[in-house]
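Down below is the structure, laid out as structure tokens.
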Amino acid sequence: MDEDRFAISDELWERMRPLLPGKVGDPGATGRDNRRFMEAVLWRVRTGSPWRDLPKDFGNWNSIFKRFRRWADAGVFESLFNAINGEPDLEYAMIDGTIVQAHQKASGAKGGLNTKQSGALAVG
Numbered sequence: 381m382d383e384d385r386f387a388i389s390d391e392l393w394e395r396m397r398p399l400l401p402g403k404v405g406d407p408g409a410t411g412r413d414n415r416r417f418m419e420a421v422l423w424r425v426r427t428g429s430p431w432r433d434l435p436k437d438f439g440n441w442n443s444i445f446k447r448f449r450r451w452a453d454a455g456v457f458e459s460l461f462n463a464i465n466g467e468p469d470l471e472y473a474m475i476d477g478t479i480v481q482a483h484q485k486a487s488g489a490k491g492g493l494n495t496k497q498s499g500a501l502a503v504g
């Protein structure tokens with residue numbers, strides 16, 4: 381993996397590292413490589429690709445997915461993003477309604493279009 385292309389700068393990583401679980405001294409297993417894991421998560425967010433399409437350089441996609449789910453369930457990402465809120469290096473990872481589109485059937489409405497002709501059109 382080309383470490384020059386990391387999305388997380390060295391300065392930002394030094395701020396993030398102490399906030400992540402799996403450090404030496406934390407209870408449980410020590411994280412193998414938290415930075416590479418975070419890069420894998422950000423790669424997936426940027427590309428919108430399925431977990432199975434994660435490049436092999438990041439490791440086994442299923443292991444990364446399971447770790448992602450554990451961290452998400454534990455609130456790690458929420459607390460991390462709250463701690464580094466406003467960091468310009470991560471602005472591209474934020475998603476809002478201006479860049480996300482939903483299929484027309486995503487609204488959950490039943491029965492399709494339900495319009496009535498106006499009285500003027502019905503008579504004439």
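Those letters in the sequence shown? Residues 381 to 504, per the working numbering, in order. Ideal Cβ positions, reconstructed from N, Cα and C, are used throughout, including at glycine. A quick note: this is a predicted structure, and the numbers were derived from the prediction, not measured.
If you look at residue 392, you'll find it in the alpha helix (DSSP H) that goes 390-396. With contact defined as three or more Cβ pairs closer than 8 Å, the segment 450-464 and the segment 429-438 are not in contact. Residue 442: member of the alpha helix (DSSP H) spanning 441-454, first to last residue.
In this structure, DSSP gives residue 387 a state outside helix and strand, which the three-state scheme calls coil. In terms of CA proximity to residue 450, 401 leads the group 412, 420 and 401. DSSP, reduced to helix, strand and coil, places residue 413 outside both helices and strands of the structure shown, so it counts as coil. Exposed is the label assigned to residue 463, since fewer than 16 other Cβ atoms lie within 10 Å of its Cβ. Judged by DSSP in its simplified three-state form, residue 460 adopts helix. Around the Cβ of residue 440, a 10 Å sphere holds fewer than 16 other Cβ atoms; the residue is exposed.
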